[in-house]
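Just so you know, the protein sequences line up as chains Y and S, in that order. Going letter by letter, the first sequence gives residues 1 to 478 in the UniProt record's numbering. Going letter by letter, the second sequence gives residues 1 to 478 in the UniProt record's numbering. Below is one structure, written out as structure tokens; comments come after it.
Number of protein chains: 2
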Amino acid sequence: MGSTVLQLLLLLAAGAAWAADDRQVYTCNATQLLSPELVAEIRSYAPVVQNIIDYVLRGPERNRTYEELAKFVDRFGARISGSRNLENAIDYMVELLGRQELDRVYTERVAVPHWVRGNESAWIVRPRMQKLNMLGLGGSVGTSPSGITAPILVVRSFEELQSNASKARGKVVVFDEEFVSYGRTVEYRENGAAAAERVGAVAALVRSVTPFSIGSPHTGWMNYQRGEPRIPCASITVEDAQLLRRLQDRGIEVHVHLIMDAQNLPLTTSRNTIAELKGTTMPDEVVLVSGHLDSWDVGQGAMDDGGGAFISWRALALLRRLGLRPRRTLRALLWTGEEEGVWGGRAYYERHGAQPEARRLLNLVMESDLGTFRPLGLRLAATDTRARCMVAQVLRLFGSINATQLTLGPDGPDIQPWVDAGVPGASLDTANKEYFYFHHTDGDSMTVEDPTNLDLCTALWAASAFVFADLSERLPRP
Amino acid sequence: MGSTVLQLLLLLAAGAAWAADDRQVYTCNATQLLSPELVAEIRSYAPVVQNIIDYVLRGPERNRTYEELAKFVDRFGARISGSRNLENAIDYMVELLGRQELDRVYTERVAVPHWVRGNESAWIVRPRMQKLNMLGLGGSVGTSPSGITAPILVVRSFEELQSNASKARGKVVVFDEEFVSYGRTVEYRENGAAAAERVGAVAALVRSVTPFSIGSPHTGWMNYQRGEPRIPCASITVEDAQLLRRLQDRGIEVHVHLIMDAQNLPLTTSRNTIAELKGTTMPDEVVLVSGHLDSWDVGQGAMDDGGGAFISWRALALLRRLGLRPRRTLRALLWTGEEEGVWGGRAYYERHGAQPEARRLLNLVMESDLGTFRPLGLRLAATDTRARCMVAQVLRLFGSINATQLTLGPDGPDIQPWVDAGVPGASLDTANKEYFYFHHTDGDSMTVEDPTNLDLCTALWAASAFVFADLSERLPRP
Numbered sequence: 001m002g003s004t005v006l007q008l009l010l011l012l013a014a015g016a017a018w019a020a021d022d023r024q025v026y027t028c029n030a031t032q033l034l035s036p037e038l039v040a041e042i043r044s045y046a047p048v049v050q051n052i053i054d055y056v057l058r059g060p061e062r063n064r065t066y067e068e069l070a071k072f073v074d075r076f077g078a079r080i081s082g083s084r085n086l087e088n089a090i091d092y093m094v095e096l097l098g099r100q101e102l103d104r105v106y107t108e109r110v111a112v113p114h115w116v117r118g119n120e121s122a123w124i125v126r127p128r129m130q131k132l133n134m135l136g137l138g139g140s141v142g143t144s145p146s147g148i149t150a151p152i153l154v155v156r157s158f159e160e161l162q163s164n165a166s167k168a169r170g171k172v173v174v175f176d177e178e179f180v181s182y183g184r185t186v187e188y189r190e191n192g193a194a195a196a197e198r199v200g201a202v203a204a205l206v207r208s209v210t211p212f213s214i215g216s217p218h219t220g221w222m223n224y225q226r227g228e229p230r231i232p233c234a235s236i237t238v239e240d241a242q243l244l245r246r247l248q249d250r251g252i253e254v255h256v257h258l259i260m261d262a263q264n265l266p267l268t269t270s271r272n273t274i275a276e277l278k279g280t281t282m283p284d285e286v287v288l289v290s291g292h293l294d295s296w297d298v299g300q301g302a303m304d305d306g307g308g309a310f311i312s313w314r315a316l317a318l319l320r321r322l323g324l325r326p327r328r329t330l331r332a333l334l335w336t337g338e339e340e341g342v343w344g345g346r347a348y349y350e351r352h353g354a355q356p357e358a359r360r361l362l363n364l365v366m367e368s369d370l371g372t373f374r375p376l377g378l379r380l381a382a383t384d385t386r387a388r389c390m391v392a393q394v395l396r397l398f399g400s401i402n403a404t405q406l407t408l409g410p411d412g413p414d415i416q417p418w419v420d421a422g423v424p425g426a427s428l429d430t431a432n433k434e435y436f437y438f439h440h441t442d443g444d445s446m447t448v449e450d451p452t453n454l455d456l457c458t459a460l461w462a463a464s465a466f467v468f469a470d471l472s473e474r475l476p477r478p
Numbered sequence: 001m002g003s004t005v006l007q008l009l010l011l012l013a014a015g016a017a018w019a020a021d022d023r024q025v026y027t028c029n030a031t032q033l034l035s036p037e038l039v040a041e042i043r044s045y046a047p048v049v050q051n052i053i054d055y056v057l058r059g060p061e062r063n064r065t066y067e068e069l070a071k072f073v074d075r076f077g078a079r080i081s082g083s084r085n086l087e088n089a090i091d092y093m094v095e096l097l098g099r100q101e102l103d104r105v106y107t108e109r110v111a112v113p114h115w116v117r118g119n120e121s122a123w124i125v126r127p128r129m130q131k132l133n134m135l136g137l138g139g140s141v142g143t144s145p146s147g148i149t150a151p152i153l154v155v156r157s158f159e160e161l162q163s164n165a166s167k168a169r170g171k172v173v174v175f176d177e178e179f180v181s182y183g184r185t186v187e188y189r190e191n192g193a194a195a196a197e198r199v200g201a202v203a204a205l206v207r208s209v210t211p212f213s214i215g216s217p218h219t220g221w222m223n224y225q226r227g228e229p230r231i232p233c234a235s236i237t238v239e240d241a242q243l244l245r246r247l248q249d250r251g252i253e254v255h256v257h258l259i260m261d262a263q264n265l266p267l268t269t270s271r272n273t274i275a276e277l278k279g280t281t282m283p284d285e286v287v288l289v290s291g292h293l294d295s296w297d298v299g300q301g302a303m304d305d306g307g308g309a310f311i312s313w314r315a316l317a318l319l320r321r322l323g324l325r326p327r328r329t330l331r332a333l334l335w336t337g338e339e340e341g342v343w344g345g346r347a348y349y350e351r352h353g354a355q356p357e358a359r360r361l362l363n364l365v366m367e368s369d370l371g372t373f374r375p376l377g378l379r380l381a382a383t384d385t386r387a388r389c390m391v392a393q394v395l396r397l398f399g400s401i402n403a404t405q406l407t408l409g410p411d412g413p414d415i416q417p418w419v420d421a422g423v424p425g426a427s428l429d430t431a432n433k434e435y436f437y438f439h440h441t442d443g444d445s446m447t448v449e450d451p452t453n454l455d456l457c458t459a460l461w462a463a464s465a466f467v468f469a470d471l472s473e474r475l476p477r478p
């Protein structure tokens with residue numbers, strides 16, 4: 001089952017990344033930090049980078065990332081861990097990747113959770129009947145078949161819950177927390193049920209973690225504390241959470257009815273899907289590009305994270321088609337079981353990251369899991385200042401698509417174990433202001449994707465990975 | 001039942017207003033068009049306008065429009081025509097208005113449609129199962145109890161439907177129309193079913209009329225052609241309409257299952273709610289401020305049109321409390337049955353608008369039905385250039401709240417009959433870019449309302465209505 005503590009740390013780390021809403025653009029004086037030869041070498045990649053950009057944006061495969069992604073998500077729809085749908089989607093990808101003339105396509109088995117939503121609904125039943133738009137949270141236990149009917153206690157924070165602990169017994173605790181950032185606000189989704197249970201609540205309803213809503217409930221994973229009783233937990237909309245709070249503030253007693261058939265079934269087996277373009281002179285060294293193939297069980301998982309997965313395999317496929325093979329190996333990783341706590345990413349690190357030599361051979365881990373909107377550049381997790389400066393120099397090659405920006409900060413959740421172990425990590429940085437509007441909702445569909453933006457992301461992803469994999473110097477580490 | 005043709009014309013006129021996305025700011029040379037005395041008189045209202053603004057924004061009733069609106073919509077929720085809920089809400093308003101020390105509070109009976117949604121759902125059943133987020137359209141007939149299962153034909157326009165008429169028989173026609181503007185795009189919601197029926201379709205699904213979606217279905221009224229058979233019609237989300245189109249474009253045969261319990265019951269009786277502040281010296285002349293009290297049966301109807309109704313009665317109440325009584329009578333109209341085709345507005349005109357004298361005594365009709373966001377000024381329907389210039393001059397008094405903008409264009413649907421008969425009409429103009437994001441969805445709630453914006457709207461509404469009702473000259477007509 002893996003370590004729950006590690007899982008929690010990973011989630012928190014991932015959350016911290018997403019909290020970094022302020023973009024701090026990184027600049028460096030390359031001539032001070034890097035040798036003139038290295039600066040010149042990086043500059044010499046300008047024509048090949050432009051060649052890749054031109055091929056993706058204006059070549060015969062223009063719009064292809066969008067079209068392939070649409071075909072995939074339209075065919076399979078939502079792909080939650082444990083579902084037959086996800087495994088069918090993985091089979092499809094193995095077959096699709098097999099047709100790209102890459103050097104190796106294979107899968108690695110990963111144990112993943114198997115949570116099943118079942119029928120569910122929530123209602124205000126007093127002072128009047130009103131259906132609540134809701135989504136049970138992943139990992140939640142269900143209610144009894146007849147459901148739970150109880151008065152509510154609305155709180156804005158864990159602190160307010162503690163101050164009102166004596167009022168919580170037998171209640172449904174409603175968290176009406178303000179959205180600050182995903183990283184900070186998601187705590188209520190993750191740990192709200194545990195906190196409510198500890199003060200005697202019978203269920204928890206958590207305001208969806210989003211800055212903007214059109215009556216939209218957002219699902220997501222939640223955690224119980226080991227050994228403590230488990231109460232059902234669902235998300236409700238921003239609008240309904242605020243309604244419940246206003247009713248309570250007016251002294252009106254509100255009762256809700258919650259019914260959830262949710263079930264936690266035994267762990268099941270899924271697969272990370274892996275494809276490689278073998279390096280010419282340093283084939284044992286690797287630059288990894290990645291995104292996760294699994295999704296939530298609502299929407300299509302086009303944004304989270306079909307886009308990230310598809311720009312990653314597309315990068316390898318188009319380099320192959322262009323006959324561009326870097327010195328180091330390029331590896332595309334399509335993670336599984338991300339949504340339930342980074343199961344694919346952890347399994348991969350546990351299997352491959354134990355030896356220092358394995359970590360040394362992995363030069364750079366790249367992940368896209370915050371949307372494939374208009375690309376701005378890369379975010380980088382690397383403590384070495386020369387490594388930062390090298391990446392900044394490489395990004396200068398992307399002036400023609402206006403994606404030259406380097407910001408510092410941690411990366412995607414699936415590559416985090418490697419980053420924590422000192423491997424440089426980079427993530428795709430895009431104009432993703434609206435990402436959390438759609439996150440884990442029925443709105444996560446091809447409608448939020450744009451063919452040209454997907455081409456731009458593909459071009460940046462493929463060309464930057466190529467340069468990092470081909471440079472004579474690897475990214476330095478302290 | 002009134003004239004269906006008139007109803008259609010009204011809807012089209014209202015639609016045209018909403019299509020005017022381009023704001024053309026109107027300016028005039030007042031010294032050329034208006035007498036120096038009139039210009040001076042309008043300027044002399046500056047202190048009283050500022051007094052009203054200060055009272056609303058900084059007085060003891062600051063935020064009160066928001067609080068009263070929240071109390072109202074939280075208590076009653078959605079208020080569709082024909083529902084007990086709407087009539088209870090009207091009773092509540094009569095009582096609330098009765099406590100404002102106005103001169104007259106009364107209701108007038110209006111026959112309104114009584115459409116009941118009932119249970120409903122739609123699914124893709126081939127090539128795979130997927131629930132479609134949908135809302136049956138108001139006025140639609142239901143399906144048989146077992147529903148309809150049929151292949152689909154997706155079209156982008158009425159023209160594309162005609163070109164493919166031979167393929168439509170026995171199909172569910174899906175309209176995947178692009179959003180251009182509400183006024184133009186709403187045609188598919190209103191007339192899609194009739195067009196589909198004429199080419200032999202068994203049902204119609206219409207992409208929601210919105211520029212932005214988070215998996216959000218938008219309901220609304222639709223029309224059948226008199227004497228033609230009626231097929232069921234529902235809205236689906238932008239995302240799902242696009243999905244169905246992509247599947248069809250790939251040559252994949254898609255079947256959907258639609259089940260709707262919808263029923264059109266006999267017309268029932270509702271009421272327009274009316275309150276008056278009697279004029280001091282010209283009590284027979286009237287300036288009317290208005291919004292509609294009914295809503296759709298989803299969301300809370302806070303934006304459409306609780307806000308418009310509440311700034312209207314609040315205008316009278318706060319002038320009363322400030323001891324500001326204009327020369328002409330101020331009348332607040334809370335319309336009923338707007339959503340099904342302007343039933344309250346038509347009934348009021350039919351009852352009161354027949355005589356030229358009645359139309360002469362109505363100096364100005366004002367309506368707010370496009371949101372109570374940050375106010376920009378007024379939109380005006382008046383053909384007389386001096387009338388336009390007078391309104392522009394009055395709006396110059398609102399510089400302190402940055403709401404001085406006059407744009408030309410038609411007004412709200414409920415006052416349209418008067419405007420068509422030559423009475424000047426004004427509507428509230430706000431920064432309502434997101435209005436149609438929430439329109440007729442579960443997202444139409446207090447969350448989209450802001451206490452300060454509601455105060456600003458109330459202040460502009462009350463003070464401008466006061467000036468128009470108090471000026472020595474009425475707004476001229478040709």
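All C-beta atoms in this analysis are idealised placements derived from N, C-alpha and C, irrespective of residue type, glycine included.
Skipping 5 residues on each side, what residues in its chain have a beta carbon closer than 8 Å to that of residue i?
| i | result |
| --- | --- |
| alanine 194 (chain Y) | Asn223, Tyr224, Gln225, Glu228 |
| leucine 322 (chain Y) | Asn51, Ile52, Tyr55 |
| alanine 358 (chain S) | His352 |
| glutamate 253 (chain S) | Arg126, Pro127, Pro151 |
Once the 5 residues before and after residue i are set aside, which same chain residues still bring their CB inside 6 Å of it?
| i | result |
| --- | --- |
| glutamate 108 (chain S) | Asn272 |
| proline 283 (chain S) | Thr329 |
| alanine 315 (chain S) | Val289, Trp461, Ala462, Ala465 |
| arginine 327 (chain S) | Gly279, Thr280, Thr281, Met282, Asp470 |
Output needed for residue i: all residues of its chain with C-beta closer than 7 Å, excluding positions within five of it in sequence on either side, in chain order.
| i | result |
| --- | --- |
| glycine 147 (chain S) | His257, Leu258, Ile259 |
| glutamate 473 (chain Y) | Leu38 |
First and last residue of the beta strand (DSSP E) that includes residue i?
| i | result |
| --- | --- |
| glutamine 405 (chain S) | 405–408 |
| histidine 114 (chain Y) | 104–116 |
| threonine 268 (chain Y) | 263–277 |
| cysteine 233 (chain Y) | 233–236 |
| glutamate 120 (chain Y) | 120–126 |
Identify the continuous alpha helix (DSSP H) that holds residue i and give its terminal residues.
| i | result |
| --- | --- |
| lysine 71 (chain S) | 64–76 |
| alanine 284 (chain Y) | The question names alanine, but residue 284 (chain Y) is aspartate in the sequence shown. No alpha helix (DSSP H) contains aspartate 284 (chain Y), which is instead part of the beta strand (DSSP E) from 282–292. |
| methionine 303 (chain S) | No alpha helix (DSSP H) contains methionine 303 (chain S), which DSSP labels as neither H nor E. |
| arginine 84 (chain S) | 84–98 |
| methionine 390 (chain Y) | 385–395 |
| glutamine 416 (chain Y) | 416–420 |
| threonine 458 (chain Y) | 451–470 |
Q) Is it a yes or a no for the region 455–468 of chain S touching the region 67–74 of chain S, going by three-plus beta-carbon pairs under 8 Å? A) no
(Q) My parser needs the alpha helix (DSSP H) runs of 4 or more residues fully inside the region 150–226 of chain Y; what are they? (A) 158–163, 182–198
Q) Of all the residues that make up the region 428–444 of chain S, which are near chain Y by a beta-carbon distance shorter than 9 Å? A) Tyr437, Phe438, Thr441, Asp442, Gly443, Asp444
(Q) Check whether the region 416–432 of chain Y and the region 374–391 of chain Y touch, using three or more Cβ-Cβ pairs below 8 Å as the test. (A) yes
Q. Any residues in the region 220–239 of chain Y with a beta carbon nearer than 8 Å to a beta carbon of chain S? Which ones, in chain order?
A. Thr237, Val238, Glu239
**Q.** Chain-ordered residues of the region 198–218 of chain S with a beta carbon less than 7 Å from chain Y
**A.** Ser213, Ile214, Gly215, Ser216
Q) In chain order, what residues of the region 128–153 of chain S put their CB closer than 8 Å to some CB of chain Y? A) Arg128, Gln130, Asn133
Q. Do the region 194–212 of chain S and the region 157–173 of chain S touch if we need at least three Cβ pairs shorter than 8 Å?
A. yes
Q. If you scan the region 345–369 of chain Y from start to end, which runs of the alpha helix (DSSP H) of 4 or more residues do you find wholly inside it?
A. 356–361
Q.
Taking contact to mean 3 or more Cβ pairs, one atom from each stretch, closer than 8 Å, check whether the region 117–130 of chain S and the region 244–255 of chain S are in contact.
A. yes
Q: For the region 307–350 of chain Y, list the beta strand (DSSP E) runs that are entirely contained and at least 3 residues long, ordered along the chain.
A: 328–335
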